[in-house]
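Please read the structure below before turning to the comments.
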Ligand code: LCV
């Protein structure tokens, strides 16, 4: 049984109770624009019909970039939290985390910035030797958001988190396997078949039990008590960063295709 929803930047194909969502904005390296993220959220929300039992999120075949991360051209420019609760990327992360179906990120190519938060929000990650993973706010002068940092803290050791955030350097596939970022690292020729087999293996399991266990794990992992005063202090510190000249410089440098020169102001 196969059906497909076609939009120019995201496709949804359903086969053997597995829905495959493909990021398809090749020209923009699957930069996570509001349009692409809204299509992703719509695609995900259309799957909870009982016909689908597992989801694969992938990029179009053959791309060297899985996703270039948040669309930098759409980042709010100062005086507004660049990764606020209603940002399309944050809505997409919640859509994946709250979907009552297992979601596998299938990664071929490089993953940048907020796309790493997206991949880590999936329930499992299968990658091949071309995969790499980078988190890049220090390239832009952007104060990453608290929810996002908690996502990383729930998955990775603090020393790795700090190295990745402070260097913005891509972590290569073998390193990602060593740090257990990926569930499986497989040869690129086997990536599609391995991932589909993993997904299909879950389609015969009890969907109600799977959905409630996923939700229990989400609620328990996300339960991070934080004092209101601490949260307000963090938001005040973040505001000073996203209102800084450095943040403007970071975005301008990307748009002008040049290296940024940060002054700490
Ligand atoms: C808009 C893009 C992008 C893009 N946005 O191709 O993590 S945080 O906090 O920083 C968060 C806010 C976040 O996710 O920020 C974004 C982090 N992403 C990055 O820093 C990656 C930026 N992109 C690149 O470094 C390169 O594009 C890569 C290495 C991904 C691919 O390089 P390649 O040479 O293959 P181009 O750079 O030529 O990009 C092709 C087109 O896609 C646009 C880019 O502007 C270009 O458009 P034009 O053809 O109009 O010039 N593009 C790429 N990434 N994140 N637009």
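Residue numbers (the numbering used here): 23 to 287.
In this text, a Cβ means the ideal position worked out from N, Cα and C, and glycines have one as well.
When secondary structure is reduced to three states using DSSP, residue 155 falls in the strand class. Inclusion of residue 113 and residue 59 in the CB contact set at 8 Å is warranted, their separation being smaller than that value.
Around the beta carbon of residue 173, 16 or more other beta carbons lie within 10 angstroms, which makes this residue buried. Unbroken alpha helix (DSSP H) stretches of 4 residues or longer found wholly inside the stretch 81-167: 110-120, 136-143, 159-162, given in chain order.
Between the C-alpha atoms of residue 192 and residue 186 there is a straight-line separation of about 8 Å. When DSSP states are grouped into helix, strand and coil, residue 31 belongs to the coil group.
With 16 or more other Cβ atoms inside 10 Å of its own Cβ, residue 89 counts as buried. Shortest gap from the CB of residue 51 to any heavy atom of the ligand LCV: under 7 Å. Non-local C-beta neighbours of residue 70 in its own chain, meaning closer than 8 Å and more than five positions away in sequence, comprise 121, 122, 123, ordered along the chain.
Residue 240 is a Cβ neighbour of residue 119, given a cutoff of 8 Å.
Relative to the non-hydrogen atoms of the ligand LCV, the Cβ of residue 142 never comes closer than 7 Å to any of them. Residue 127 has its alpha-carbon roughly 6 Å from the corresponding atom of residue 80. Using a Cβ distance threshold of 8 Å, residue 82 and residue 42 do not count as a contacting pair.
About 33 Å separates the beta carbon of residue 40 from that of residue 94, a gap too long to meet the 8 Å contact definition. The distance from the Cβ of residue 286 to that of residue 161 is about 15 Å, inconsistent with a contact at the 8 Å cut-off. Selection 234, 260, 129 evaluated against residue 209 yields 129 as nearest (Cα-Cα).
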